[in-house]
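First up is the structure itself, then whatever we jot down about it.
Here you go:
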């Protein structure tokens, strides 16, 4: 009888939640909540007097190709010092999908990406 009850409960939960288990769905929701909480915290920080300063680089942070907000910060630094076109070197680029200098490469800068890790450097 207990086995029959377990089987019925399992079938009902699969109908309700699909083939993915409830715990997998909850894990996904928890990850999304963490991301949202981080965004809310960042928005609140940006409203504090410390972060309202126009000279603060973090105000210009934008993520396009980089892992964090480096794309916007690098662009702002270069604008402040008046560099429009030059050459870059980035060390430790991994697979090349999230690089701080990718936006510069797109803007026709010349440069070199260096990676020493054999797994990351393998083009396959």
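Residue numbers (this note's numbering): 99 to 222. Every residue gets a Cβ at the ideal spot worked out from N, C-alpha and C, and that includes glycine.
Annotation for residue 185: the continuous beta strand (DSSP E) segment containing it runs 185 to 189. Taken in chain order, the complete beta strand (DSSP E) segments of 3 residues or longer contained in the stretch 143 to 195 are 185 to 189. Using a Cβ distance threshold of 8 Å, residue 196 and residue 209 do not count as a contacting pair. A direct Cα-to-Cα measurement between residue 141 and residue 149 gives close to 10 Å. Distance from the CA atom of residue 170 to the CA atom of residue 145, rounded to whole angstroms, is 19 Å.
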